[in-house]
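Colleague: Provided herewith is a single structure, encoded as structure tokens, for subsequent inquiry.
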Amino acid sequence: MAFSFRIQPEQSLGSAQKDIVKRLIFSFYLLWWHSALLAAELTAPVSVIAHPSVQVESLSQAQLRSIYLMRQVVWPDGIAIRVFTLTPRSAVNQQFCRDQLQLFPYQLERVWQKLTYSGTGTPPTELQDEQAMLQAIATTPGAIGYIGIQDEIQDVKVISIKP
Amino acid sequence: MLKSFQLSLSACLLVLFGISEAVAADNWHWHGFLSQGLMQDEKSNFVNDDGSVSTELTEIGLNGSYKLSPDWRLSGQLMYLDGGNRYASGWRIDYLFLNWTAVNSLDWQLNLYAGRFKNMHWLYSSTRDVALTRPMIVLPQSIYFDAFRDIAVGSDGLALQSTNSTSVGEFEFIWSYGSTPISRETSQRVIATQIQGVTEQKFVHQASVFFRPQHSQVQWGISLLDSDFSYRRAPVDLFFDGDFTVQRVMANWRYSAELWELSSELVQERVFARGFYQPVFARNQFAQGAFLLASYNWSDSTRLYLSYDWYTANKDDRGGALLPLQSGGMVPRFFGYQRDWGLGVTQDLAKQLRLKLEYHWITGTGRLGPNVVPAVEINRSRQHDLWAVQLMYWF
Chain A
1 MAFSFRIQPE QSLGSAQKDI VKRLIFSFYL LWWHSALLAA ELTAPVSVIA HPSVQVESLS
61 QAQLRSIYLM RQVVWPDGIA IRVFTLTPRS AVNQQFCRDQ LQLFPYQLER VWQKLTYSGT
121 GTPPTELQDE QAMLQAIATT PGAIGYIGIQ DEIQDVKVIS IKP
Chain B
1001 MLKSFQLSLS ACLLVLFGIS EAVAADNWHW HGFLSQGLMQ DEKSNFVNDD GSVSTELTEI
1061 GLNGSYKLSP DWRLSGQLMY LDGGNRYASG WRIDYLFLNW TAVNSLDWQL NLYAGRFKNM
1121 HWLYSSTRDV ALTRPMIVLP QSIYFDAFRD IAVGSDGLAL QSTNSTSVGE FEFIWSYGST
1181 PISRETSQRV IATQIQGVTE QKFVHQASVF FRPQHSQVQW GISLLDSDFS YRRAPVDLFF
1241 DGDFTVQRVM ANWRYSAELW ELSSELVQER VFARGFYQPV FARNQFAQGA FLLASYNWSD
1301 STRLYLSYDW YTANKDDRGG ALLPLQSGGM VPRFFGYQRD WGLGVTQDLA KQLRLKLEYH
1361 WITGTGRLGP NVVPAVEINR SRQHDLWAVQ LMYWF
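Chains as they are written, first to last, in our numbering: chain A, 1 to 163; chain B, 1001 to 1395.
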């Protein structure tokens, strides 16, 4: 059952293929350089918020991730969790994904699409901006979402996130 | 029996869709996708027999999910597929199952599924025919062999999925047991075009474990598969009664960075054949395969893909040297392996509209159907390149 990837004589690389491999390595170097330029510099902190009726005061990052991966669907008191997100490309969403969930937005989207099209879950509700987020969280029992840090947050509950 | 099962599934789905308008929006979700493409593999039968440009790259799906209670949910998807020679075309019930959430605490979730469910054990298996979820139009054939798609894509039976969050990371365990009805058309695509008898999958038993370490962007997984098939010959048939055992040992890995990602899957597959070719015949063969897939986010709307896929039908004969000897010169040695370099680009044209283009440089014909009695009269070239373009919309 052991793996060994021996190449038979007929399968050995020709000079044209070696040339392709060299070009690919060079292309990867260019992409690496490009990614260093593009990597987002996000610094604004994000608050996790919930409907005031939610009984939970704090969550671990793993627990928050379970909620946003749509695996954890009820709060400990049995109330259904309603998950809200901002548009994937918004700066606050990217900060939230990276800092609080330790995931990148494209990973989350992939999981949601997998759940949606395999029947094993449903995606969260996407909102256009932070004002809509505040309003949705304040008026939806069991809701959880996030916004950029603000001086005063009213009508919603701030949940602390433990590493 | 298959027809009655499909009719009952259809009835359930119609009921599911019928009641949708009457229930609260919170309990009811529906989604869908529509994709159409063009593809060509001029020198093989991968897409069609004549090598012409083909429009047989259509995938349409409509799914619904209804929450019966906080712990119970019914989900179903109706799908139309046309992939040319790659798999059977037409409408099908892709999945229809009852989901019971047995445990839903903050650190442990346990779900049970009963009905027709998707194969959740491999990296891309559960949504392999949903164009927007696939990294490439043509997935690495070493693992996702298209001729075998209808058998590997899901099962009728029971499945369990457990996820645990611990201090060292997240563990996910998936188990499933069931079988898949096999049509004659599927048998002809997998085994031999001349086949006349009845092929049955007796069972398929799978288990997999995924581990995502805490504070890490790496995911590791292993997966095991055990399945038995039988073939019962027709009164007039070239082949004899036979039994096949297929066992897979697989490993997978994925690393995700902000702008790029690498993923890989490895497989060793044992096929133990008894009978079929002759009344008294036995052959035990181990195939191996692996792919490495890289993707890079060039911009918010453009993603690049590069893949290398490697497959050998017999690990003790990687170059296929035994094939001409065993077949009296009928089967060339390049039917014993397949290697594929793939390059692709995905462009988001709008929020739910995407265009994919890709090109594959393919050497060897080891992953072209049918697999047991290969189509040597069509696949005469060791090198056969493939291109494909696909436009997709989803909601």
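A virtual CB, placed ideally from N, CA and C, is assigned to each residue, including glycine.
Please read all numbers here as calculations on a predicted model, not as lab measurements.
So is B:VAL1204 buried or exposed if we call it buried at 16+ other beta carbons inside 10 Å?
Modeller: Classification of B:VAL1204: buried, given that the 10 Å Cβ count is 16 or more.
Colleague: If distances are taken between C-alpha atoms only, which option among A:ALA62, A:LEU69, A:ASP155 comes closest to A:ASP163?
Modeller: Note on identity: in this sequence residue 163 of chain A is Pro, with Asp being the wrong assignment. When only C-alpha atoms are compared, the closest one is A:ALA62.
Colleague: Starting from the Cα of B:GLY1336, find the closest Cα among B:PHE1291, B:TYR1095, B:VAL1373, B:SER1052 and give me that residue.
Modeller: Of the listed residues, the one whose Cα sits closest to B:GLY1336 is B:VAL1373.
Colleague: Can you confirm whether the stretch 1294-1314 of chain B touches the stretch 1247-1264 of chain B when touching is taken to mean that 3 or more C-beta pairs between the two stretches lie within less than 8 Å?
Modeller: They touch, by the three-pair rule.
Colleague: Measure from the C-beta of A:ARG89 to each C-beta in chain B and report whether the shortest distance is under 8 Å.
Modeller: Interface residue, yes.
Colleague: Using a Cβ-Cβ cut-off of 8 Å, state whether B:HIS1031 counts as contacting chain A.
Modeller: Yes, B:HIS1031 counts as interfacial toward chain A.
Colleague: Helix, strand or coil for B:VAL1345 per DSSP?
Modeller: B:VAL1345 falls in the strand class under three-state DSSP.
Colleague: Quick one: which residues of the stretch 60-73 of chain A get their C-beta closer than 9 Å to a C-beta of chain C? List them in chain order.
Modeller: In the displayed structure, chain C is absent; the protein chains listed are A and B.
Colleague: Would B:SER1176 and B:PHE1291 qualify as a contact pair, given that the criterion is a beta-carbon distance under 8 Å?
Modeller: No, Cβ-Cβ distance for B:SER1176 and B:PHE1291 is not below 8 Å.
Colleague: Cα separation between B:THR1166 and A:LEU127?
Modeller: Each residue's Cα considered, the two are about 31 Å apart.
Colleague: Could you run through the stretch 1077-1100 of chain B and flag, in chain order, every residue whose CB is less than 9 Å away from some CB of chain A?
Modeller: Residues GLN1077, ASP1094, TYR1095, LEU1096, PHE1097, ASN1099.
Colleague: Of all the options B:LEU1158, B:GLY1169, B:ASP1243, B:ARG1184, which has the alpha carbon lying nearest to the alpha carbon of B:LYS1202?
Modeller: For the residues B:LEU1158, B:GLY1169, B:ASP1243, B:ARG1184, the minimum Cα distance to B:LYS1202 belongs to B:ASP1243.
Colleague: Whole-angstrom Cβ separation of B:THR1363 and B:ARG1339, contact assumed at under 8 Å?
Modeller: 5 Å between Cβ atoms; contact.
Colleague: The beta strand (DSSP E) spanning B:GLU1172 covers which residue range?
Modeller: Note, B:GLU1172: beta strand (DSSP E), 1169-1179.
Colleague: What residue does the alpha helix (DSSP H) around A:MET133 start on, and which one ends it?
Modeller: Start and end: 130-139.
Colleague: Along the alpha helix (DSSP H) that carries A:LYS162, what are the first and last residues, could you check?
Modeller: Run containing A:LYS162: none in the alpha helix (DSSP H); it sits in the beta strand (DSSP E), 157-162.
Colleague: Going by alpha carbons, who is nearest to B:LEU1355 out of B:LEU1132, B:SER1264, B:LEU1139?
Modeller: B:LEU1355 has its Cα closest to that of B:LEU1132, out of B:LEU1132, B:SER1264, B:LEU1139.
Colleague: Is B:ALA1287 closer than 8 Å to B:LEU1266 when the C-beta atoms are compared?
Modeller: No.
Colleague: Please say whether B:THR1199 and B:SER1187 have beta carbons closer to each other than 8 Å?
Modeller: Against a cut-off of 8 Å, the Cβ pair of B:THR1199 and B:SER1187 comes out as a contact.
Colleague: Can you tell me where the alpha helix (DSSP H) with B:SER1187 in it begins and where it stops?
Modeller: Element bounds for B:SER1187: 1184-1190.
Colleague: Within the same chain, show all residues whose beta-carbon is closer than 6 Å to that of B:VAL1389, passing over the 5 residues directly before and after it, in chain order.
Modeller: Excluding positions up to five away in sequence, the list reads GLY1037, LEU1038, LEU1357.
Colleague: For A:GLN72, tell me which candidate among A:PRO123, A:GLY148, A:THR140 has the shortest Cα-Cα distance.
Modeller: The residue with the shortest Cα to Cα distance from A:GLN72 is A:PRO123.
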